[in-house]
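Undergrad: Once you've had a glance at the structure underneath, I'll fire off some questions.
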Amino acid sequence: MLGKTNLAEAAPESSAKIPSFDLTRQNAALKDELMQVISGIIDGGHFILGENVAEFEKEMARTCGVRFAVGVANCSDALYLALLACGIGPGDEIITTPFTFFATAGAIARTGARPVFCDIDPATYNMDARGIEGLVTPRTKAILPVHLYGQPADMDPIVDVAKRHNLYVIEDAAQAIGASYKGRPVGSLGDVACISFFPTKNLGAFGDAGVVVTDNADIADRVRMLRVHGSRKKYYHEVLGCNSRLDELQAGILRLKLRYLPDWTARRRQIATRYVELLAGTPQVRSGLLRLPVELPDTIHVYHQFTVATPDRNRLQEHLKARGIGSTVYYPLPLHLQAVFRDLGYREGAFPEAERASREVLSLPMFPELADEEIERVVEAIRDFH
Ligand SMILES: *Cc1c(COP(=O)(O)O)cnc(C)c1O
């Protein structure tokens with residue numbers, strides 16, 4: 032076990048508010064080490080794509096069990112550049128889930144391709160692979176599953192369909208660093224994967240940051256070029272890319288925090304187990320009013336979120352709020368109903384499971400420094416919900 036982050040025992044006063052997410056506890060525990068890293072980079076005088084970025088890329092490739100990693104400005108760009116690197120553009124169709132953060136489908140649309148949505152499995156909230164084959168057309172170029180809330184999508188059937196139709200598989204692993212599927216890490220399950228280091232993700236920077244990981248040398252090479260305006264040699268531009276580089280400061284901070292990630296992930300899983308143990312005994316769960324997250328066998332879920340569901344979701348959120356307990360809805364409106372995608376022509380009712388999830392899900396407080404006593408208080412508050 033590393034360091035001073037005394038996870039599970041940092042219990043604040045019993046009347047204090049319980050936030051949905053809180054970084055201040057973690058930052059306080061790491062303050063000295065963080066300041067050393069930051070100060071070293073300031074003294075080094077090199078701020079963009081330097082030694083820390085190169086080392087962090089190696090560490091990320093190792094973490095994901097692939098040969099290449101390319102640091103970029105954020106995961107939205109990682110998705111966009113990964114799609115471009117696969118040659119995706121106008122006229123192409125990409126099959127993805129409507130129940131995810133906007134960036135998943137936003138990145139597809141930015142390339143000029145069309146997001147084609149596939150409904151979710153209500154047990155896991157991930158894309159239901161059984162729906163994919165019927166959506167494949169001659170224009171389909173890729174399948175883009177999301178490992179939502181930190182749980183890997185059921186990849187075997189997805190990769191099967193992709194192989195049969197010669198499609199790329201691009202993983203949106205923004206929420207799932209450290210997760211695994213049948214013993215293989217997320218990031219190594221398709222042709223290319225994208226991970227976010229937005230501050231609230233399981234491994235967070237102090238600002239925006241992302242990475243593209245792949246075992247495919249051509250894709251890695253193209254992303255490397257695309258992130259610096261499509262140039263291999265400075266001031267000579269082969270293709271239209273953009274400025275999407277990773278800062279030395281972010282890479283240095285991420286390298287430090289990456290050493291703690293296994294401990295943090297273990298604690299997230301311990302918190303999830305505790306929530307499930309305690310909630311399973313409540314009348315709300317026993318009556319079926321409240322549904323608990325389902326962890327598939329053969330997967331390691333990293334609990335970016337611990338998400339429950341109830342038809343009475345909004346009232347439960349208010350009830351928790353009145354007791355000083357934060358909670359969050361990821362996500363209140365599925366992507367096929369977003370105003371920006373009106374032209375795709377989807378109507379309400381098109382994806383009943385995604386629509387139901389958006390009405391019923393609620394993510395409870397989840398971060399590694401959440402104390403056992405706080406978990407108990409959240410569960411007691413839920414037990415009082417009628
Ligand atoms: C956070 C997130 C992104 C975007 O990541 P950024 O680094 O904020 O651009 C993409 N997809 C999913 C599923 C996410 O949760």
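In this text, residue positions in the sequence shown follow this note's numbering: the first is 32, and each later residue adds one. Every residue, glycine too, gets a C-beta built ideally from N, C-alpha and C. Since the model is a prediction, treat every value here as computed from it, not as a measurement.
1) Tell me which same chain residues have a C-beta within less than 8 Å of the C-beta of K352, skipping the five on either side of it?
2) Check whether the Cβ of F337 sits closer than 6 Å to any heavy atom of ligand 1, and report yes or no.
3) Give me, in chain order, the residues of the same chain whose beta-carbon lies closer than 6 Å to that of G34; leave out the 5 immediate sequence neighbours on both sides.
4) Within its chain, find whatever has a CB closer than 6 Å to the CB of S378; leave out the 5 residues flanking it on each side and keep chain order.
5) By the 10 Å Cβ neighbour count, where 16 or more other Cβ atoms means buried, how is R373 classified, buried or exposed?
6) Return the Cβ separation of V410 and Y306 in integer angstroms, given the expectation that the two are a contact with Cβ distance under 8 Å.
7) Roughly how many whole angstroms lie between the Cα atoms of L401 and L309?
8) Counting C-beta neighbours from all protein chains within 10 Å, is the total for E124 16 or more, i.e. buried, or is it exposed?
9) Are there any heavy atoms of ligand 1 lying less than 6 Å away from the beta-carbon of N105, as far as the coordinates show?
10) Please report how far the alpha carbon of R164 lies from the alpha carbon of V254, in whole angstroms.
11) How many whole angstroms separate the CB atoms of D10 and T135, which I take to be in contact at a CB cut-off of 8 Å?
12) Given L54, which residues of its chain have a CB within under 8 Å of its CB, disregarding the five upstream and five downstream residues?
13) Could you check which residue in M66, L366, F52 has the C-alpha nearest to that of I126?
14) If we count the other Cβ atoms within 10 Å of its Cβ and call it buried at 16 or more, is I413 buried or exposed?
15) Name the DSSP bridge partner or partners of V392?
16) What distance in whole Å lies between the Cβ atoms of V97 and G221, which are believed to be in contact at a cut-off of 8 Å?
17) DSSP three-state label for I126, please.
18) For the alpha helix (DSSP H) that contains G283, what are its first and last residues?
19) Taking T168 as the reference, which of P153, E384, P146 has the closest Cα?
20) For D185, is the beta carbon positioned less than 6 Å from some heavy atom of ligand 1?
21) Buried or exposed: which applies to R346, given that a residue is buried once 16 or more other Cβ atoms fall within 10 Å of its Cβ?
22) Going by C-alpha distance, which of A340, A385, D185 is nearest P328?
23) Can you look up L179 in the DSSP assignment and give me helix, strand or coil?
24) Using 8 Å for Cβ pairs, my map puts P396 next to I49. What's the rounded Cβ distance?
25) Please report the straight-line C-alpha distance between A248 and F99, rounded to a whole angstrom.
26) Could you tell me the distance, in whole angstroms, from the CA atom of R93 to the CA atom of E349?
27) Identify the continuous alpha helix (DSSP H) that holds Y306 and give its terminal residues.
28) Since R419 contacts T341 with CB under 8 Å, what's their CB separation in whole angstroms?
29) Looking only at DSSP bridge pairs, what is S211 linked to?
30) For the alpha helix (DSSP H) containing F87, list its first residue and its last residue.
TA: Looking at the coordinates:
1) Counting only Cβ-Cβ distances below 8 Å, and skipping sequence neighbours, we find S358.
2) F337 Cβ: outside cutoff for every heavy atom of ligand 1.
3) In this prediction, G34 has a pLDDT of 45, which is less than 50 and means its spatial position is unreliable; what the coordinates show is noted afterwards. Correct list: empty, nothing qualifies.
4) Here residue 378 is Arg; the residue named in the question, Ser, does not match the sequence. Nothing meets the Cβ criterion.
5) With fewer than 16 other Cβ atoms within 10 Å, it is exposed.
6) That pair is a contact at about 7 Å.
7) Our two residues, L401 and L309, have alpha carbons roughly 15 Å apart in a direct line.
8) Counting Cβ neighbours within 10 Å, E124 comes out buried, since at least 16 surround it.
9) Yes; taking the cut-off as 6 Å, the Cβ of N105 has a heavy atom of ligand 1 nearer than that.
10) Residue identity check: residue 164 is Glu in the sequence provided, not Arg. Here the alpha carbon of E164 sits roughly 29 Å from the alpha carbon of V254.
11) For residue 10 there is no data in the structure shown, the boundaries of the chain being 32 and 417.
12) So the list reads P230, T231, G235, F398, once near-sequence residues are dropped.
13) When C-alpha distances from I126 are compared across M66, L366, F52, the shortest belongs to L366.
14) Buried.
15) Answer is A340.
16) The Cβ separation is near 10 Å, so there is no contact.
17) Strand, per DSSP.
18) For G283, the uninterrupted alpha helix (DSSP H) run begins and ends at 279 to 289, by DSSP.
19) Of the listed residues, the one whose Cα sits closest to T168 is P146.
20) For ligand 1, not one heavy atom lies less than 6 Å from the Cβ of D185.
21) That one is exposed.
22) Out of A340, A385, D185, D185 has the C-alpha closest to the C-alpha of P328.
23) If DSSP states are grouped into helix, strand and coil, L179 belongs with the helices.
24) Right, their Cβ atoms sit about 5 Å apart.
25) Going by the C-alpha atoms only, they are around 7 Å apart.
26) Using only the alpha carbons, I get a separation of about 43 Å.
27) 292 to 311 is the span of the alpha helix (DSSP H), which, as asked, contains Y306.
28) Past the edges of the chain, shown from 32 to 417, lies residue 419, and the structure says nothing about it.
29) As DSSP reads the structure, S211 sits in a beta bridge with P216, I331.
30) Taken as a continuous stretch (DSSP letters only), the alpha helix (DSSP H) holding F87 covers 82 to 95.
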